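Sequence order for the protein chains is H and S.
First residue of the first sequence: 1, per our numbering; consecutive thereafter.
First residue of the second sequence: 1001, per our numbering; consecutive thereafter.
Even glycine gets a Cβ: it sits at the ideal position worked out from N, Cα and C.
In this text, all values refer to a predicted model and were calculated from it rather than measured experimentally.
First up is the structure itself, then whatever we jot down about it.
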Amino acid sequence: MSLLNRGHVFICAEPESPVQMQTNYSPYLSQRTLRVIVSLIGILACLLAIWMTAQAGFSRLLGKYATLEASLPAADRAIALAPSSSESHRVRAAVLYHLKQLPDAARELELAVSLRPRHDYLWLELAIIRDELGDSAGALAAFNESVRRAPHYAYPRWQRGNFLLRLGRFDQAFADLRYAAASNPDLIPSLIDLAWGISKRDTQVTVQLAHITTSKMRAAFAGFLARKGRAKEAREQFELADAVSELTRRELVRHLISANAFKEAFEVWKKKGNSEAAERRPAAIYDGGFEGPLTFDEFGFGWRVSRASQSVRLAADSSQFHSGSKSLLIEFLGDSSPDSSLVSQLILVEPSSRYRLNFAARTQDVVTGGLPLAIVSDAAGVFKRLGESAPLRQDTTNWQVSSFDFRTESGTNAVTLSIQRKNCSTSPCPIFGSIWMDSFSIEELK
Amino acid sequence: MRLRQRKAFKALAAFLVFTLAQVYTQFSFAQPNPANTVLSVQQQLIARLTQHRGRQGITVNGNNVGSGASIVTGAFIETSADQSATINLGPFGSVAIGPNTGLRLDYDDQGNAKVTLTQGCVIVRSRKKAVSEVVTNLGSAGKTEGENGGSYLDVCFLNGKAIVNQGAAMVAGAGAGAGTGAGTGGGISSATIILIGLGAAGVGVAVLAGGGGGGSGGGTNPSPSSP
């Protein structure tokens, strides 16, 4: 009966599972054993993971140490800890390279590449070392693989292009170099420089080698040519560019002025989007009435305002004017160097020609031993002074119109008109008071 | 009828010839401008730059360059304080450049080189029959002897004084690469091992936390993040 009873119990328990049948004999002990086994497996797995990651981490740390200290033993230990890590082999290769053991470095990189063959940078490093070893075929194969693994990256293409260039395969080389420069515009100056060198400084060949067809490329090439003193070609490239940033134009004008290519600089400067600038004739003064805004960042043929002295204030004044609706007000508050220009302008002129410069000025409460005056100097060479006005009178509440003549030298293409002070007989040479200047104009005398 | 057919055939043939000629002409117009300019570029010796220290700092004509850069004749090369480099002229020799050096390198296809040193140190090695000269603003500092099958010139131009073949350029780091002999000694010291081990504990924790791992597929990608 008892068996039957127990059997009845079993029959009721049967639908669950045979295991449960067993556990029902000693349910507490069996579950506990299972938990212990599972926990042990988990702990072992965690320990294994800790061990493996610690090894990997230690290997990396040793790798960093090896790289920093160029320590081959450290690199070897790093590999011993993580023999299947491409990074460990790469580190050892770097150390060997550092120690000038290039063949060993190449072999180590080959190992790294075999462990991680899809890595473009490993192929590239291998290619560079093989190139250095003179293994052109091996280097080309590695370069090709690097480009294949990262077809849109600039650096592998740039490196392969340089390599092909040295092999004399110019068409393939420049295809790669152009691709790289298109991908990374920072490489454009280097591309232009290489094309310029390879073409033996021929502008047209450079244009064709580097495919200088976009506005960005043309602007970069214009700047490059300006720095090389090829002003005419620089301006041509600038003219061909559709849209050029203000910064690029500014740089170009600066380079052209530095190269004394004033006419070309003027043509580039004229395109600043200002109608008065665009209409300005070469031998003329830009905004002679100070009607436009005065800025510190003028870089071309407008008024350049000096920041040199804290004790001189310059402003466009609409309360006083000789013509138009404004004039230039200069307030002197004490110390200022008589030699430094307060405001100046670059003016294009013809060589060996006579000019007359006119302006109007008024002064108020001026006290000084060195009065202001207008000076015209050659814009190039030794900046020879070509003419100057008489010093302004000390108290002229009414506007005084002044003029003076000057003659340009045979090599003069531009002059600088500047307002500065006459030197004092003693030093220091302070100045107090205010002056207004207006209606600057220049005329050629026949 | 037969005569009429012949005339028709002739007219058709003439028309076909005319049409083909037009097509050919059109193809000629439509062809992209071939890159025949490359053919106009003559073969020339192009030097290779190898950078020995760091990754930045060497400029060629004002542009930053690294190992593998091509150097054409007339290039102006500058190194910064922690940079040195070698310019390889292929079978004709090399120019090793020390830190803080500025020079102009001119060479011809026979490997004859002229180094105009504005400041710093160079070691010029000539092979075969190539002759190299180092010039400063004081004049010629020296010339290698091409006929002897290879020669060497060690020049430093510092503070307006030229020091020739006294090993000054070698001392300054020209051509020495970096750290020759460094780390070739008898392994890592115990203290270093302990220090690295202490660091490794931290790294191990960090690696665990980050879930990183070694192995062939692991590690950071040293490739630039952008093309």
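- One Cα belongs to residue 1110(S), the other to residue 168(H), and the distance between them is close to 15 angstroms.
- Ranking 1069(S), 1105(S), 1076(S) and 1099(S) by CA distance to the CA of residue 166(H) puts 1069(S) first.
- The continuous beta strand (DSSP E) containing residue 372(H) extends over residues 372-378.
- Legend: CB atoms of the segment 127-146 of chain H lying less than 8 angstroms from CB atoms of chain S belong to residues 128, 131 and 132.
- Every beta strand (DSSP E) stretch that sits fully inside the segment 328-370 of chain H and reaches 3 residues is listed by chain position as 343-348 and 354-368.
- Residues of the segment 193-227 of chain H with a C-beta atom less than 7 angstroms from some C-beta of chain S are 193, 194, 197, 198, 199, 205, 208 and 209, listed in chain order.
- Straight-line spacing of the CA atoms in residue 207(H) and residue 265(H) works out to 22 angstroms.
- Ranked by Cα distance from residue 346(H), the first of 394(H), 191(H), 404(H) and 375(H) is 375(H).
- Within the model, the alpha-carbon separation for residue 335(H) versus residue 296(H) is close to 21 angstroms.
- By the Cβ-count criterion, residue 350(H) is exposed, with fewer than 16 other Cβ atoms from all chains shown falling within 10 Å of its own Cβ.
- Here residue 86(H) is actually not in contact with residue 140(H); their C-beta atoms are around 22 angstroms apart, not less than 8 angstroms.
- Residue 188(H) sits close to residue 220(H), with the two beta carbons spaced by under 7 angstroms.
- Rounded to the nearest angstrom, the Cβ distance from residue 379(H) to residue 415(H) is 6 angstroms, consistent with a contact under 8 angstroms.
- Against chain H, a Cβ distance below 8 angstroms from residue 1043(S) picks out 168.
- Between residue 404(H) and residue 342(H), the C-beta gap is not smaller than 7 angstroms, which leaves the two residues out of contact.
- Nearest neighbour of residue 1130(S) by Cα position, chosen from 1050(S), 1091(S) and 1064(S), turns out to be 1091(S).
- Each of 1114(S), 1077(S) and 1112(S) was checked against the Cα of residue 1099(S), and the nearest Cα belongs to 1077(S).
- Fully contained in the segment 117-159 of chain H is no beta strand (DSSP E) run of length 3 or more.
- In the displayed model, residue 176(H) falls within a helix according to three-state DSSP.
- For residue 1077(S), the nearest beta carbon of chain H is not closer than 7 angstroms to its own beta carbon.
- Just so you know, the alpha carbons of residue 70(H) and residue 1085(S) end up roughly 18 angstroms apart.
- Taking a C-beta distance under 7 angstroms as the contact criterion, residue 204(H) and residue 218(H) do not qualify as a contact pair.
- DSSP, reduced to helix, strand and coil, places residue 1152(S) within a strand of the structure shown.
- Closer than 7 angstroms to the CB of residue 190(H) there is at least one CB belonging to chain S.
- By the beta-carbon neighbour count (other beta carbons within 10 angstroms, threshold 16), residue 444(H) is exposed.
- Annotated three-state conformation of residue 1073(S) is coil, per DSSP.
- No Cβ-Cβ contact shorter than 7 angstroms links residue 115(H) with residue 95(H).
- At the C-beta level, residue 372(H) and residue 285(H) stay beyond 7 angstroms of one another.
- Short of 8 angstroms from the beta carbon of residue 118(H), and not among the five residues preceding or following it, lie these beta carbons of its own chain, in chain order: 149.
- Annotation for residue 97(H): the continuous alpha helix (DSSP H) segment containing it runs 86-98.
- Across the set 303(H), 249(H) and 178(H), the C-alpha of 178(H) shows the shortest separation from the C-alpha of residue 212(H).
- For residue 1088(S), the secondary structure class from DSSP, reduced to helix, strand or coil, is strand.
- The CB of residue 165(H) comes closer than 8 angstroms to the CB of 1046 and 1070 in chain S, given here in chain order.
- The C-alpha of residue 1162(S) is placed about 10 angstroms away from the C-alpha of residue 1168(S).
- Against chain S, the CB of residue 237(H) has no partner CB under 7 angstroms away; the residue lies outside that interface.
- In terms of CA proximity to residue 64(H), 78(H) leads the group 44(H), 78(H), 381(H) and 240(H).
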